[in-house]
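Structure first, commentary second.
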Amino acid sequence: MAIVEVAIPVPLNKTFDYLCDVEVAVGTRVRVPFIRKKVIGIVLGNKDKSDFDKLKSVEEVLDDTPILDQPILDFLFWSAKYYHHPIGEVISAALPKNLRLGKEAK
């Protein structure tokens, strides 16, 4: 199983690691468990190992191809750093509502 780094729209300045059955490209949306609900996040990278022992699994990969490419992600990282805002919330704000809700990208 692969480990993916996911940005989710929560007011925390960090990303979260999840286990995934398949290799997922950076910029792809995934549905993951967070506390007691399911949220939509964006994969920011793949890892060989995690600092945490117990990881939850990605429930669903929502896209066949990434919806955000690297230049856009770089700009969103810059924006998050410049405005001192969590990357997950910045990415979420940059997406149209239907994509934030997990609906199909057209």
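Residues 689 to 794 (my numbering) are what the sequence shown spells out, left to right. All residues carry an ideal CB built from backbone N, CA and C; glycine is no exception. Model, not experiment: these values are computed from the prediction.
Exposed unless 16 or more other CB atoms sit within 10 angstroms - verdict on residue i
{"i": "S780", "result": "buried"}
{"i": "V692", "result": "buried"}
{"i": "R724", "result": "exposed"}
{"i": "P697", "result": "buried"}
{"i": "T716", "result": "buried"}
{"i": "L789", "result": "exposed"}
N-terminal and C-terminal residue of the alpha helix (DSSP H) that residue i is part of
{"i": "K769", "result": "Q758 to Y770"}
Alpha-carbon to alpha-carbon, residue j and residue i
{"i": "L707", "j": "L787", "result": "22 Å"}
{"i": "K737", "j": "W766", "result": "26 Å"}
{"i": "A690", "j": "D709", "result": "6 Å"}
{"i": "V718", "j": "I755", "result": "11 Å"}
{"i": "V749", "j": "Y771", "result": "30 Å"}
{"i": "V694", "j": "V731", "result": "5 Å"}
{"i": "E711", "j": "P774", "result": "25 Å"}
{"i": "T798", "j": "K735", "result": "Because the chain is modelled from 689 through 794, residue 798 falls outside the range shown and cannot be assessed."}
Integer Cβ distance of residue i from residue j, believed to fall under 8 Å
{"i": "V720", "j": "V746", "result": "6 Å"}
Segment limits, beta strand (DSSP E) that includes residue i
{"i": "V694", "result": "A690 to A695"}
Curious, which full-length beta strand (DSSP E) runs of at least 3 residues does the stretch 708-792 contain?
The beta strand (DSSP E) runs lying completely inside the stretch 708-792 and spanning 3 residues or more are 717-722 and 725-735, given in chain order.
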